[in-house]
Structure formats: structure tokens, C-alpha cells
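Chemist: First the structure, then my questions, so here it is.
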Amino acid sequence: MKSIVNELETLHPLLSNLRDLTITNPEMVAVQVFGNKYGALDQYQTALEELVKVLKKSLDSKGLQRRLETLLWPLREGETLKYLTQIERIKQTFIIALSLDSASSSKKNTAIFEED
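Next comes the structure, spelled out in C-alpha cells:
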């Protein structure tokens, strides 16, 4: 579980980079909507942070509290799956938008090379 938490925490800088990309590249039209307040980036980051909290709570507990966390896991599993499902859904949206912007950029580059 610790490795999962570490992987989730390493996504934070990537999300910051993607947010910067949405701000500095106006030609990436499909990605622009991610940077809006309460947009996909905010939703993704919130879901990641909540998931990390849930997982860290289990990792940080000791002794009797740890045993209690183990017993409560089936009850928290639904909450964890909710965040994972939300993260996966938003990730698919990112992939589609980045693909659209990539295709659009390729089309523009092809048109430029054909002019020469």
C-alpha cells in the first residue's frame, strides 16, 4: 500500500506541469478546459489527495488502531474504489484531449511543411 501512496504522490508534480501547459499553450484548445476552476485537473487532484488520505490513515496507524483499520478496510474499500473510479474516468478524458491536441498540432505541422 505504501508503494501506491508513493505513486499517487508523484502524480502531483505532473498535474502541476499539465496545469502550466494549459496556461502557456493557448493552441492546445482541448486541454484548456482542464485548467478551469473546478475543471478536470482540480477534480483529479482532489480525488488523488482524498485517496492518499484514506490510504495513509491505514499506513500510519499502529498496534490496536492498525488492527481496527484492517477490520474496517472492507467498509473503506468502497470509498477507495469511488476515488479510483473517478481518477480513471478523468484520466481517460485527459488522454482523449491530449490526443485531440496532438492530432491538431500534427495537422498544422503537415500543412506548414506542405507549403514549403
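Each residue of the sequence shown is one higher than the one before, starting from 28 at the first, in the numbering used here.
We treat Cβ as the ideally placed atom computed from N, Cα and C, and that holds for glycine.
Treat the numbers as computed from the prediction; the structure is a model and nothing was measured.
Cα-Cα, which of Leu75, Lys118, Thr112, Lys64 is closest to Thr37?
Modeler: Residue 37 sits at position 10 when you count from the first residue of the sequence shown. Cα-wise, what sits closest to Thr37 is Leu75.
Chemist: Could you check which residue in Gln72, Arg46, Asn63, Leu82 has the C-alpha nearest to that of Val32?
Modeler: Residue 32 sits at position 5 when you count from the first residue of the sequence shown. For Val32, the closest of Gln72, Arg46, Asn63, Leu82 by C-alpha to C-alpha distance is Leu82.
Chemist: Among the residues of its own chain, which have a CB less than 8 Å from the CB of Arg46, if the five just before and after it don't count?
Modeler: Counted from its first residue, the sequence shown places residue 46 at position 19. Counting only Cβ-Cβ distances below 8 Å, and skipping sequence neighbours, we find Phe61, Gly62, Leu68.
Chemist: Got a sec: is the Cβ-Cβ distance from Leu35 to anything in chain C below 9 Å?
Modeler: As a matter of chain content, chain C is missing from the structure shown, which is built from one protein chain.
Chemist: What residue range is occupied by the uninterrupted alpha helix (DSSP H) comprising Lys84?
Modeler: Start at 1 with the first residue of the sequence shown, and residue 84 comes out as number 57. Looking at the DSSP string, the run of the alpha helix (DSSP H) that includes Lys84 is 67 to 87.
Chemist: Quick check: the Cα distance between Leu125 and Ser133, rounded to an integer number of angstroms?
Modeler: Here residue 125 refers to the residue found at position 98 of the sequence shown. Here residue 133 refers to the residue found at position 106 of the sequence shown. For the pair Leu125 and Ser133, the Cα-to-Cα distance works out to about 12 Å.
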